Amino acid sequence: MPGSATETISVLTLTAAAEDHGRQIECRAENALFADSEIRDQWQLDVQYSPRVAVRLGEQINASSIRVGGGVYLECSVDANPAAGLISWTHNVSAQSAPAEQGVP
Numbered sequence: 001m002p003g004s005a006t007e008t009i010s011v012l013t014l015t016a017a018a019e020d021h022g023r024q025i026e027c028r029a030e031n032a033l034f035a036d037s038e039i040r041d042q043w044q045l046d047v048q049y050s051p052r053v054a055v056r057l058g059e060q061i062n063a064s065s066i067r068v069g070g071g072v073y074l075e076c077s078v079d080a081n082p083a084a085g086l087i088s089w090t091h092n093v094s095a096q097s098a099p100a101e102q103g104v105p
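Oh and the sequence shown: position 28 is 28 in the UniProt record's numbering, straight run, nothing missing.
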């Protein structure tokens, strides 16, 4: 029975951030009148957030050595929950896209 002498309710209010995704929230209770009375329950946060992207040169590319007509590759790292389903690149108004698990040619 909520609010009775045998039940205590505690409420945690938090503002979830993308960095909180996957974190465990734990509630512990104990009664000092009883030895070894501690009990716990946990909940794993599933925080959904829109994609965050970062573009960088591929590991083997030196920015100061890029020349006209030379090859270059870029990496687009996408962090999102749920995972991004499509990644698109635009170069000189020409768009290319592919499912996220594939690369873009």
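Built from N, CA and C at the ideal position, the CB exists for glycine as well. All of these numbers come straight from a predicted model, not from anything done at the bench.
| query | result |
| --- | --- |
| For L50, the first and last residue of its enclosing beta strand (DSSP E) | Per the sequence shown, the amino acid found at residue 50 is Ser instead of Leu. Start and end: 49-57. |
| Proximity to V55 [Cα-Cα], best of E30, P82, C27, S77 | S77 |
| Residue range of the beta strand (DSSP E) that includes N81 | 74-81 |
| Span of the beta strand (DSSP E) around D41 | 39-44 |
| Boundaries (first-last residue) of the beta strand (DSSP E) holding H21 | No beta strand (DSSP E) contains H21, which DSSP labels as neither H nor E. |
| Nearest-angstrom Cα separation, counted from Q44 out to I25 | 6 Å |
| Whole-angstrom distance between A95 and R52, CA atom to CA atom | 19 Å |
| Pairwise C-alpha distance: D20 and E38 | 26 Å |
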